[in-house]
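Protein chains: 2
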Amino acid sequence: MTITEIGRQAKEVAGIIGIIGSAKKEEGLKSAAAALLEGEAEILSANQDDVIKATAAGMSQGLIDRLELTPRRIEDMAEGLLAVAALEDPVGEVISMKMRPNGLTIGQKRVPLGVVGIIYEARPNVTADAFGLCFKSGNAVILKGGSDALESNKAIVKWLRTGLSRAGLPENILQLITDTDREKTKEFMRLREYVDVLIPRGGAGLIKSVVDNSTIPVIETGTGNCHIFVDESADFDMALDIIFNAKTQRIGVCNACESLLVHRSVADQFLPLLNQRLLTKSVEVRADQEACKIVKDFVPATEEDWGTEYLDYIVSLKLVDSVEEAISHINRYNTKHSEAIITNDYNNAQKFLNEIDAAAVYVNASTRFTDGYEFGFGAEIGISTQKLHARGPMGLKELTTTKYIIYGNGQIRP
Amino acid sequence: MTITEIGRQAKEVAGIIGIIGSAKKEEGLKSAAAALLEGEAEILSANQDDVIKATAAGMSQGLIDRLELTPRRIEDMAEGLLAVAALEDPVGEVISMKMRPNGLTIGQKRVPLGVVGIIYEARPNVTADAFGLCFKSGNAVILKGGSDALESNKAIVKWLRTGLSRAGLPENILQLITDTDREKTKEFMRLREYVDVLIPRGGAGLIKSVVDNSTIPVIETGTGNCHIFVDESADFDMALDIIFNAKTQRIGVCNACESLLVHRSVADQFLPLLNQRLLTKSVEVRADQEACKIVKDFVPATEEDWGTEYLDYIVSLKLVDSVEEAISHINRYNTKHSEAIITNDYNNAQKFLNEIDAAAVYVNASTRFTDGYEFGFGAEIGISTQKLHARGPMGLKELTTTKYIIYGNGQIRP
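Quick note, the sequences are listed as chains A and B, same order.
Note that UniProt numbering gives residue 295 to position 295 of the first sequence, counting from 1, and the numbers run on in steps of one.
Note that UniProt numbering gives residue 204 to position 204 of the second sequence, counting from 1, and the numbers run on in steps of one.
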């Protein structure tokens with residue numbers, strides 16, 4: 001099948017699922033979850049093919065771990081679909097409705113985006129997750145997974161489609177692009193006629209390639225060079241707990257802390273305590289000259305460190321003279337993801353909240369909370385680091401748009 | 001100055017104007033309006049240079065009319081800025097704020113987009129309008145106008161910047177790209193590092209070029225192949241009034257009606273009346289075979305007509321058997337702008353509202369109402385025909401984004 005045909009098929013069913021109502025979608029999600037469990041053996045076997053191939057090709061153990069499925073992981077996927085089924089359906093909500101002086105009644109109603117395209121890397125569980133969220137919000141979805149997970153994705157999609165079909169729903173609600181040719185991926189990114197939004201999920205390279213090549217509107221997700229600023233008035237214990245949590249609780253995620261700013265006036269007292277705490281997880285601290293003088297374990301940072309998302313047990317550190325200097329440094333080097341200040345000063349807290357340019361700005365809490373579940377959305381399709389349409393964690397609502405519905409009784413424009 | 005420098009300067013001031021508060025912005029807009037009036041003679045003289053050049057180059061009278069400024073048009077621009085100054089400032093509104101079970105208080109706050117780029121064609125009044133709306137919503141703006149209006153735009157921008165400066169505001173809130181080289185325009189479209197959104201305003205060609213070349217998120221505006229469906233149960237007088245208004249009140253605009261669908265069962269009675277009414281403005285009706293048999297004045301339509309935005313005294317017409325056929329035809333050929341049904345049937349009205357895929361869907365009213373002023377926004381930067389970020393008329397609110405502000409007291413993620 002050509003990429004254009006896939007697009008056309010998606011557009012065709014999008015019209016239907018946008019208006020079928022919550023009950024039918026819930027039935028489809030439950031049926032898809034059941035089918036996934038039924039297909040377990042086949043999915044595991046396909047996944048083993050991927051794992052063997054990836055191992056032979058020298059894939060790192062970390063990536064193999066993300067690629068490999070287990071019965072438990074398949075159960076998790078199925079449970080994920082049931083959890084999404086139980087969420088409130090955003091579609092159909094009339095956000096506002098007002099009467100104009102001429103009697104026209106203008107309402108703004110939440111409707112599905114239409115067709116959502118997702119380009120992602122090796123984790124096959126994204127296949128079921130992304131399908132669930134897009135379908136629940138009334139969208140058809142076209143997935144393009146990484147070639148390393150191709151057999152796994154094929155098997156997962158086959159069983160999800162079987163579930164849809166058993167619920168009397170069109171299988172083309174979910175389509176997978178199985179052609180791993182790069183030119184085909186580029187063709188997909190230019191399918192503006194049929195695809196309403198493209199969401200890349202993966203590393204910086206993938207996202208850049210989508211941004212550069214897509215003519216479809218893109219929601220950029222992902223990279224997070226997140227900072228924590230320890231202000232003069234910070235509670236040291238709180239600062240140590242938050243930094244330790246944000247840096248080490250999970251290192252490979254976009255809301256992990258990558259850079260620390262410390263007020264110069266507390267550096268002598270705070271840095272040795274920080275060093276002690278971070279050493280318990282062997283975190284390497286790449287610090288400016290002055291900080292290196294205070295703690296011998298620190299290694300000198302280069303200019304490049306200020307802009308680096310390590311995703312590792314490494315953190316950069318810089319001393320600053322004021323909250324203003326901290327804000328200016330962060331706004332220069334951050335990726336507009338999540339930033340935190342640790343302070344007991346009211347004015348500095350407010351200043352930081354107002355002036356930092358990022359999707360999520362924290363006072364006295366870990367950056368690790370930037371997450372659809374932690375924010376109470378019950379789901380997450382990704383974390384937007386751009387400003388258009390959605391900013392921060394994206395749940396079901398962010399997978400919808402609106403249309404104006406206007407009730408008249410013969411109004412014409414004077 | 002290079003395009004990159006312009007971008008960097010805009011980004012620099014964006015940080016400042018995002019937080020200066022409404023009063024200062026109002027002062028800046030008033031000062032800019034006053035400066036515009038002060039510069040009238042210089043602006044008119046620059047505009048005459050453009051008009052003379054355009055006339056010599058053979059520009060059509062219609063386009064010259066759009067290009068030419070008069071003292072009245074300059075007053076209108078200044079009044080436009082004062083009207084925008086008086087609108088409610090969307091920036092700073094906290095849309096929602098909730099406490100999570102762990103005590104984190106998460107708010108979603110409206111903030112400026114940052115830097116807005118606008119690429120537009122010959123009308124120089126857009127220069128002042130776009131500046132006013134972008135600045136009021138806290139954004140820096142980079143304008144790239146059509147080369148035909150270059151001297152006019154330079155003069156307008158010079159005086160607007162003078163007004164900003166007199167109010168103690170940075171002039172770089174407003175910058176104009178004066179280099180008309182195509183490569184520079186392409187460079188501008190790829191300035192993703194500094195520009196947060198790009199809004200093309202103009203014909204289909206301009207919009208396509210921006211969509212194809214931009215790496216900056218784009219809001220597509222403009223083209224409208226708008227339909228009116230006359231249902232079996234329609235009130236004929238109402239249908240005639242609405243069609244006449246939507247087709248002829250102003251022909252060159254995106255919310256004008258371009259295509260009619262008429263229920264076959266009323267064609268014999270309705271079409272002659274329609275013909276009579278449209279003949280009063282010499283509207284050419286390009287109709288399907290069957291309709292042509294009923295009214296001899298109609299001319300045969302081709303497949304191409306169904307997809308054409310005429311922007312002229314021409315309308316296409318097709319007979320259909322049902323509301324379903326009307327919906328399916330519209331969803332196939334429309335540009336997702338504005339669509340209307342004329343009916344007295346409750347179920348058909350609801351079906352049409354639910355199933356038409358467009359920014360604005362009307363029952364018993366003219367499509368000409370799709371407009372920021374008519375919708376009560378007090379302003380309009382354009383009409384979005386895409387689904388991401390904004391759909392339909394865009395006012396000040398659509399020139400903002402949000403950020404999450406999170407108040408904690410030491411929370412870490414378990």
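For every residue, glycine included, the Cβ atom is placed at its ideal position computed from N, Cα and C.
7 Å Cβ cutoff, B/Ile-405 in contact with chain A:
As a first step, residue 405 of chain B is located in the second sequence; it is residue number 405 there, counting from the start. For B/Ile-405, the answer is yes, since a Cβ of chain A falls inside 7 Å of its Cβ.
Leaving aside the five residues before and after A/Arg-264 along the sequence, list all residues of the same chain whose C-beta is less than 8 Å from its C-beta, in chain order.
Here residue 264 of chain A refers to the residue found at position 264 of the first sequence. Result list for A/Arg-264: Glu-290, Leu-319, Val-320, Asp-321, in chain order.
For a contact meaning CB atoms closer than 7 Å, what does B/Thr-335 contact in chain A?
For this step, residue 335 of chain B is matched to residue 335 along the second sequence. Under the 7 Å cutoff, chain A gives no residues; its nearest Cβ is about 12 Å from B/Thr-335.
Who pairs with A/Thr-221 in a beta bridge, going by DSSP?
Counting from 1 along the first sequence, the entry for residue 221 of chain A is found at position 221. DSSP lists A/Ser-384 as the beta-bridge partner residues of A/Thr-221.
Around the Cβ of B/Ser-214, are there at least 16 other Cβ atoms within 10 angstroms (buried) or fewer (exposed)?
Mapped onto the second sequence, residue 214 of chain B falls at position 214. Buried, since its Cβ has 16 or more Cβ neighbours within 10 Å.
Along the chain, which unbroken stretches of the alpha helix (DSSP H) at least 4 residues long are found entirely within the region 217-300 of chain A?
You should have 236-248, 267-279, 289-294.
Proximity winner among B/Gln-48, B/Pro-200, B/Ser-152, relative to B/Glu-220 (alpha-carbon distances)
For this step, residue 220 of chain B is matched to residue 220 along the second sequence. Of the listed residues, the one whose Cα sits closest to B/Glu-220 is B/Pro-200.
Determine the direct distance from the alpha carbon of A/Glu-380 to that of A/Pro-217, and round the result to whole angstroms.
Locating residue 217 of chain A in the first sequence gives position 217, where the first residue counts as 1. Locating residue 380 of chain A in the first sequence gives position 380, where the first residue counts as 1. Cα atoms of A/Pro-217 and A/Glu-380: separation of roughly 19 Å, rounded to the nearest angstrom.
With C-beta atoms as the reference, is B/Ile-412 less than 7 Å away from A/Asp-241?
Working through the second sequence from its first residue, we reach residue 412 of chain B at position 412. Working through the first sequence from its first residue, we reach residue 241 of chain A at position 241. Cβ atoms of B/Ile-412 and A/Asp-241: closer than 7 Å.
Does the Cβ of A/Asp-49 have 16 or more other Cβ atoms within 10 Å, making it buried, or fewer, making it exposed?
Position 49 of the first sequence, counted from the start, is the residue given in the question as residue 49 of chain A. Exposed.
Assign B/Pro-414 to one of two classes, buried (16 or more other C-beta atoms within 10 Å of its C-beta) or exposed (fewer than that).
Residue mapping note: residue 414 of chain B aligns to position 414 of the second sequence, counting from 1. Under a 10 Å Cβ-count criterion, B/Pro-414 is classified as exposed, with fewer than 16 other Cβ atoms of the shown protein chains found around its own Cβ.
Touching by the beta-carbon criterion (3+ pairs, under 8 Å), the region 271-281 of chain A and the region 396-413 of chain A:
No, the region 271-281 of chain A does not touch the region 396-413 of chain A.
Using three-state DSSP, classify B/Pro-71 as helix, strand or coil.
Position 71 of the second sequence, counting from 1, holds the residue named residue 71 of chain B. Three-state result, B/Pro-71: helix.
Boundaries of the beta strand (DSSP E) in which B/Ala-140 is found, first to last residue
Locating residue 140 of chain B in the second sequence gives position 140, where the first residue counts as 1. Looking at the DSSP string, the run of the beta strand (DSSP E) that includes B/Ala-140 is 140-144.
Anything in the region 383-404 of chain A with a Cβ closer than 7 Å to a Cβ of chain B? List those residues in chain order, please.
Listed by position along the chain: Gln-386, Lys-387, Leu-388, His-389, Arg-391, Gly-392, Thr-401, Thr-402, Lys-403, Tyr-404.
Measuring straight from C-alpha to C-alpha, what distance separates residue 423 of chain B and A/Thr-367?
There is no way to answer for residue 423 of chain B, as the model of chain B reaches only from 1 to 414.
Taking 7 Å as the threshold (beta carbon to beta carbon), is A/Met-189 in contact with chain B?
As a working mapping, residue 189 of chain A is identified with position 189 in the first sequence. For A/Met-189, the answer is no, since every Cβ of chain B falls outside 7 Å of its Cβ.
In the region 342-401 of chain B, which residue ranges form an unbroken alpha helix (DSSP H) of at least 4 residues, counting only runs that do not cross its ends?
Listed in chain order, the complete alpha helix (DSSP H) runs (minimum 4 residues) inside the region 342-401 of chain B are 346-355.
Ignoring anything shorter than 3 residues or poking outside the region 157-187 of chain A, list the beta strand (DSSP E) runs there in chain order.
Listed in chain order, the complete beta strand (DSSP E) runs (minimum 3 residues) inside the region 157-187 of chain A are 174-176.
Just to confirm, is the Cβ distance from B/Leu-113 to B/Val-197 under 7 Å?
Taking the first residue of the second sequence as position 1, residue 113 of chain B is located at position 113. Taking the first residue of the second sequence as position 1, residue 197 of chain B is located at position 197. For B/Leu-113 and B/Val-197, yes; Cβs fall inside 7 Å.
Close Cβ partners of B/Lys-186 (< 7 Å) along its chain, the five nearest in sequence each way excluded
Here the question's residue 186 of chain B lines up with position 186 in the second sequence. So the qualifying residues of the chain are Asn-213.
Using a Cβ-Cβ distance under 7 Å, would B/Phe-352 count as near chain C?
As a matter of chain content, chain C is missing from the structure shown, whose protein chains are A and B.
Thinking C-beta only, is B/Gly-80 closer than 7 Å to B/Asp-148?
For the purposes of this step, residue 148 of chain B is taken as the residue at position 148 of the second sequence. For the purposes of this step, residue 80 of chain B is taken as the residue at position 80 of the second sequence. Not a contact, by the Cβ cut-off of 7 Å.
Sub-7 Å separation of A/Pro-124 and A/Arg-110 beta-carbons
In the first sequence, counting from the first residue as 1, residue 124 of chain A sits at position 124. In the first sequence, counting from the first residue as 1, residue 110 of chain A sits at position 110. No, Cβ-Cβ distance for A/Pro-124 and A/Arg-110 is not below 7 Å.
DSSP bridge partner residues for A/Val-94 (one or two, in chain order)
As a working note, residue 94 of chain A is residue 94 in the first sequence. Its beta-bridge partners are A/Lys-109.
Does the ligand HEM have a heavy atom nearer than 6 Å to the CB of B/Glu-339?
As for the ligand HEM, it is missing from this structure, which has no ligand bound.
Beta carbon of B/His-389, beta carbon of A/Leu-388: below 7 Å?
Reading the second sequence from its first residue, position 389 is the one you call residue 389 of chain B. Reading the first sequence from its first residue, position 388 is the one you call residue 388 of chain A. In contact: B/His-389 and A/Leu-388 (Cβ atoms closer than 7 Å).
Note down the Cα distance separating B/Glu-121 from B/Ala-256, rounded to an integer number of angstroms.
In the second sequence, residue 121 of chain B corresponds to position 121, counting from 1. In the second sequence, residue 256 of chain B corresponds to position 256, counting from 1. Cα to Cα, B/Glu-121 sits roughly 20 Å from B/Ala-256.
Determine, using beta carbons only, whether A/Gly-392 and A/Ala-360 come nearer to each other than 7 Å.
Residue numbering aside, residue 392 of chain A sits at position 392 when the first sequence is read from its first letter. Residue numbering aside, residue 360 of chain A sits at position 360 when the first sequence is read from its first letter. Yes; because the gap between Cβ atoms is below 7 Å, this pair is in contact.
Would DSSP call B/Leu-317 helix, strand or coil?
Position 317 of the second sequence, counted from the first residue, corresponds to residue 317 of chain B. The three-state secondary structure of B/Leu-317, taken from DSSP, is strand.
Excluding sequence positions up to five away, which residues of its chain have a Cβ less than 6 Å from the Cβ of A/Glu-284?
Reading the first sequence from its first residue, position 284 is the one you call residue 284 of chain A. If we look at A/Glu-284 and ignore the five residues flanking it on each side, its Cβ neighbours are Ile-314.
Provide the residue(s) that pair with B/Ala-149 in DSSP beta bridges, ordered along the chain.
Here the question's residue 149 of chain B lines up with position 149 in the second sequence. For B/Ala-149, which the question treats as bridged, DSSP gives no partner whatsoever.
Check the Cβ-Cβ distances between A/Gln-9 and every residue of chain B, and say whether any is below 7 Å.
Taking the first sequence and counting its residues from 1, the one referred to as residue 9 of chain A is at position 9. With its beta carbon at least 7 Å from every one in chain B, A/Gln-9 lies outside the interface.
Contacts of B/Arg-332 in chain A (Cβ-Cβ under 8 Å):
Translated into positions along the second sequence, residue 332 of chain B becomes position 332. Here the premise fails: no neighbours, minimum Cβ distance about 10 Å.
Which chain B residues are close to A/Ile-106, counting only those with a beta carbon under 7 Å from its beta carbon?
Counting from 1 along the first sequence, the entry for residue 106 of chain A is found at position 106. Result: Phe-375.
Leaving out five residues on either side along the sequence, give the residues of the same chain with a beta carbon under 7 Å from the beta carbon of A/Gln-249.
Along the first sequence, read from residue 1 onward, the residue named residue 249 of chain A stands at position 249. These residues qualify, in order along the chain: Arg-368.
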